[in-house]
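Before any comments, here is the structure.
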């Protein structure tokens, strides 16, 4: 049986699913590939398997520490986005939309294949990049840049980079239309490398 190194208190279903994806990637429910992770869907959660050129410069121990630090940043942002009711301003419309951040539940390391996996709730819906009729591309670029700078300052980090493919457009009765950030940057290293070595 695959040995999984415990980072936090990990529910058994996450352990089992992480093992299943880790060693059966061809048959797993692959969702997308990014600059530093490949995303799989299983049982209402996404499993992000971290790899990429920038991460190859690090040892496995450093990657694990980096992703743990990125989880702390992400979950801090998730907490604050709720408690402070974060919003994003779309300039041409002169309108504000609620902004939330999807937390990362746990980080798991498979010690046999040396893979680091982040587990987060699956967020269904279209991304901002897919909702081409809702927003002017130029105003969206301005809105994401301004909001990235604001969140970076709020969290005290550098190089946060919100992108349209990492934000889902959702709607409910309480908030109406709102945005859910599924990743704070196109590359984990953009957010975390500037601070993680200090921890």
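Residue numbers (our numbering): 932 to 1130.
C-beta: ideal position from N, C-alpha, C; glycine also.
A quick note: this is a predicted structure, and the numbers were derived from the prediction, not measured.
Inset, instruction - Verify whether the separation of the beta carbon atoms of residue 980 and residue 1082 is less than 7 angstroms. - result: no
Inset, instruction - Using only alpha-carbon positions, find the residue among 945, 992, 948, 1113 that is nearest to residue 1054. - result: 1113
Legend entry - Residues that residue 1058 bridges to, as DSSP identifies them: 1099
Inset, instruction - Evaluate the contact criterion for the region 1061-1073 versus the region 993-1003: three or more CB pairs, one atom per stretch, below 8 angstroms. - result: no
Inset, instruction - Please classify residue 1116: does DSSP put it in a helix, a strand, or coil? - result: coil
Inset, instruction - Confirm the yes/no value for this check: CB of residue 963, any heavy atom of the ligand SAM, distance under 6 angstroms. - result: This structure simply doesn't include the ligand SAM, nor any ligand for that matter.
Inset, instruction - Verify whether the separation of the beta carbon atoms of residue 1046 and residue 953 is less than 7 angstroms. - result: yes
Inset, instruction - Measure the C-alpha to C-alpha separation of residue 1012 and residue 977 and round it to an integer number of angstroms. - result: 21 angstroms
Inset, instruction - Under the assumption that residue 1032 contacts residue 1051 (Cβ atoms under 8 angstroms), give the Cβ distance between them as a whole number of angstroms. - result: Not quite, the Cβ-Cβ distance comes to about 10 angstroms (not below 8 angstroms), so this is no contact.
Inset, instruction - List the DSSP bridge partners of residue 1106. - result: Answer is none; residue 1106 lacks a bridge partner.
Legend entry - Test item: CB-CB of residue 945 and residue 1037 under 7 angstroms: yes
Inset, instruction - List the endpoints of the continuous alpha helix (DSSP H) containing residue 991. - result: 991-1014
Legend entry - For residue 1094, the nearest candidate out of 965, 948, 959 (CA to CA): 965
Inset, instruction - Look at the alpha carbon of residue 1096 and the alpha carbon of residue 991, and state the distance between them as a whole number of angstroms. - result: 27 angstroms
Legend entry - Own chain partners of residue 1102 with C-beta closer than 8 angstroms, once the 5 adjacent residues on each side are dropped: 1108, 1109
Legend entry - Residue of 1098, 1071, 1105 minimising C-alpha distance to residue 1022: 1071
Inset, instruction - Compute the Euclidean distance between the alpha carbons of residue 1115 and residue 959, then round it to the nearest angstrom. - result: 25 angstroms
Inset, instruction - Confirm, please, whether the CB-CB distance from residue 967 to residue 1139 is below 7 angstroms. - result: Because the chain spans 932 through 1130 in this model, residue 1139 falls outside it and cannot be assessed.
Inset, instruction - Compute the Euclidean distance between the alpha carbons of residue 1073 and residue 1025, then round it to the nearest angstrom. - result: 12 angstroms
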